[in-house]
Structure formats: structure tokens, C-alpha cells
Amino acid sequence: MAVRTQQRAPYRRGNPSQTGPFIPQFPLDLVMLEPNLIIPADDQKLLQCLLDHHGKLTPSPDSQHALSNLNNRICEILDNIIVNPSTFESGQLDHVRSVGSFKLNTWLNGSCISDLACVFRTLPTLEAVQNLANFVRRQLTSNNSPAEHVNSKVELESYGFSVASGDYMVQVLITTTPMNLNRTSPDIHISLTAQKIALASIRHLRWAEENATHTTVKVLIRILKDFRRRFRGFAYMNSWLIDLLAHYVVMNNPSRQPLPLNHAFRRVFHLLASGFLLPSSTGLIDPCEQGNVRLHSLMSLVEQVSIRVCMCTCKSFTLLFYYYLVRVKIIEIIWKKIIKKTGEKESNTLLFISIL
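First residue of the sequence shown: 1, per the UniProt record's numbering; consecutive thereafter.
Rendered as C-alpha cells:
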């Protein structure tokens, strides 16, 4: 007599509670979905308004000249150390490079700050950074230094040191070569996070010089930085994210031709309001990092959710609607409904407020 045995449950490989693969959601992008919708009549009023606003954000020639002189003077001091290593015995410098908004000419009026990435060939100890700051101070206050730099103030910072002369400041970001990063100690050297940020700024500059040199991209970057300065919801967008976002909305379209400034400006708000930087969205992939890192994933969930960037964009839509940037178009759309039974036609008028 055969005995029926209890069937065993099939073997499950892996963790049964493990979620599936991440599937990014594409936001509503009218430029990519319906390219014909982005060819309205030229809105010269909006374009002129944006250009006028950009003119107010652009630093004056005197400010550019003064900050450029201070930046070049510090570069000259650090380059002399590279050429003559015997003048500085606390460490060896590999190279110095100007980075950031000042180098890309996207800095705002009233924010007179320049960034320098100083790469040590040796490990950048806290003592070596302090000695380097003192060396720069002595060179600036020497008799050979220009008169406007004699009263410069040099202060130590978590990232290195800063040099301030009146309303102008140069931030010197200290780092080392990528091979030495794993050898750093938080008690002896500059923090590892600060060094990685300095190295990343060099990579970002190289990418921007190769891809983001179009005038429309730079104008849009400056306008978005002004929004970040004035609206709290945009404060979580760093400069690198703004650079990539401006490049994306201007250059990434079916025609592969740069969009006009007014179209690109609208597209920025369309994308952000549709959840472009929400946790499940495709977002922007960092071209300077390995592993397809999405930039908005580096922000906390609180910063990504709609109450921060997305809803702030929707509120900005309302402000732009009621104030000065977007011209409201009231389009009268006639919907004709065909009634099958009687064959009659009735028309309904829909007032559609469009900011496309």
C-alpha cells in the first residue's frame, strides 16, 4: 500500500521580502513627448524680461576685475611653490586650478567668491594647511604685493583656507591625489569629504568646459542660481545640479539644437513641477561619477519630496502667473460633441489658461 507523503514547498532562492529592481519613472516632458507643442509664436516679452533680469544678476566689470586680480594673485603664489618646492617645506603641491562659478562665469552679482582647488602631492595635514595659509598671508602682505591686497585676511576653514580682501573672497579647497585618499586620517588631515568635494569640482569643471559652454546654458544657470538664493525650496539644489539641469533643458531635445532661453526657462519649471527630482524619477545622472549615480538621490527624502522642490516650483508658477514673467494666454477651445441619437451638435466653451 502506497503511503502519500506531504509535499514540500518549493525552495525559494534569495530573500522573499526583497523588493524588485528599481524602475525609474519618466516625468512629463512635453519637449520630448510632443515636440510640436514647443513652437509657439516668439514670446519676445518673456525673452526680454529674462535678459533684463540676467543683466541685473551679472557682476559689474569692476567686480570681475577685482576678483580676478585676487584670484590670479593667489594662483601666482601657489604656482611659485610648485616651481620652487624649497620655499615651502611642509608639503609638496601637485597643481592648482581655478574651479566653480567664477571660472565658468556663472557667478552672481553680490556673491564675489572664487574657488581654487589646490592638490597636494603629499597628504594634506592640518599643520601643512596652516603653514600654507601663513605663507600666502606673508606673500600678500609683502612689499611686492599690490596695495589692494596688503590688508587681506587669511582664515583657516574646514575645506582649507580662505583669503578675503574687502568684499571679495577666494576659497582654497585643499585635497590630494586620488591614490592618497584612502590613506587620510580625520585627526591629522583635512576631512575626506572635503577632499572628495575638491576633486569633484575639478571633474565638474572639465565636463562643463566641454559641454556647457553655450551662452543660453550659462544665462539659465545664473537665473536658476538667483531662484535658489531667493526661494527656500530651491536651496537644496547645489551648483552642480543646477549646471546639469540647465544643460539638460537647453540641449536635450529631439532636434539636438539649443532651445531658446524662454523655452528652456519654461521647461525647467515644467520638469520640476512634474516631479523630475522626486525619489522615483529618472532625474539627472552624474556624468562625472561611476555607477549611474542620480544627483537627486544624494539629497534626503525630505528634500526630494514635493513640499520642497516640486511644490516650490508650483508656487513659483503661481507667482510667475500673477506677476511679471509669464504672459497668460487664454485660449478658447470649442468642443463639439456629436450626439448619436439626434445627430445634433452642441458646443461647449472651455477657457484654458496656458503657460506652455
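Yeah, the Cβ is synthetic: ideal placement off N, Cα and C, and Gly gets one too.
{"Check": "Residue burial classification, Asp62 (beta-carbon count within 10 angstroms, cutoff 16)", "Outcome": "exposed"}
{"Check": "Proximity to Pro260 [Cα-Cα], best of Asp187, Leu271, Ala246, Ile81", "Outcome": "Ala246"}
{"Check": "Beta-bridge partners of Tyr168, as assigned by DSSP", "Outcome": "Ser165"}
{"Check": "Own chain residues within Cβ distance below 8 Å of Ile223, not counting five before or after", "Outcome": "Leu50, His53, His54, Leu57, Phe265"}
{"Check": "Within 8 Å, strictly: CB atoms of Leu241 and Leu199", "Outcome": "no"}
{"Check": "Cβ neighbour criterion (16 or more within 10 Å) applied to Arg73", "Outcome": "buried"}
{"Check": "Validate contact between the segment 90-110 and the segment 146-164 using beta carbons, cut 8 Å, 3 pairs", "Outcome": "no"}
{"Check": "Rounded Cβ spacing between Cys75 and His204 (contact assumed at less than 8 Å)", "Outcome": "Cys75 to His204, Cβ: 19 Å. No contact."}
{"Check": "DSSP three-state assignment for Leu278, whether helix, strand or coil", "Outcome": "coil"}
{"Check": "DSSP-derived helix/strand/coil call for Ser68", "Outcome": "helix"}
{"Check": "With 16 other Cβ atoms within 10 Å as the buried cut-off, status of Leu70", "Outcome": "buried"}
{"Check": "His95, enclosing beta strand (DSSP E) - first and last residue", "Outcome": "93-99"}
{"Check": "As assigned by DSSP and simplified to three states, the class of Ala117", "Outcome": "strand"}
{"Check": "Whole-angstrom distance between Arg137 and Leu295, CA atom to CA atom", "Outcome": "37 Å"}
{"Check": "For Val31, three-class secondary structure by DSSP", "Outcome": "helix"}
{"Check": "Three-state secondary structure assigned by DSSP to Glu76", "Outcome": "helix"}
{"Check": "Reference Pro27; option with closest CA among Leu278, Gly291, Val293", "Outcome": "Leu278"}
{"Check": "Own chain residues within Cβ distance below 7 Å of Pro258, not counting five before or after", "Outcome": "His214, Thr216, Val250, Met251"}
{"Check": "Residues near Val172 by beta carbon distance below 6 Å, same chain, minus five either side", "Outcome": "Leu116, Cys118, Gly160, Phe161"}
{"Check": "Contacts around Leu244, its chain only, beta-carbon distance under 7 Å, and the 5 residues preceding and following it disregarded", "Outcome": "Leu284, Leu295"}
{"Check": "Counted within 10 angstroms of its Cβ, other Cβ atoms place Ala208 as buried (16 or more) or exposed", "Outcome": "buried"}
{"Check": "Delimiting residues of the beta strand (DSSP E) encompassing Leu156", "Outcome": "153-157"}
{"Check": "The segment 141-153 in contact with the segment 83-102 per 3-pair CB rule at 8 Å", "Outcome": "no"}
{"Check": "Supposed close pair Ile197, Thr125 - CB separation, criterion 8 Å", "Outcome": "About 18 Å separates the two Cβ atoms, so there is no contact after all."}
{"Check": "Minimum length 4: unbroken alpha helix (DSSP H) runs contained in the segment 223-257", "Outcome": "239-251"}
{"Check": "Distance between beta carbons of Ser68 and Glu127, contact taken as under 8 Å", "Outcome": "That pair is no contact at about 31 Å."}
{"Check": "Thr175 versus Ser274: straight-line alpha-carbon distance, rounded", "Outcome": "38 Å"}
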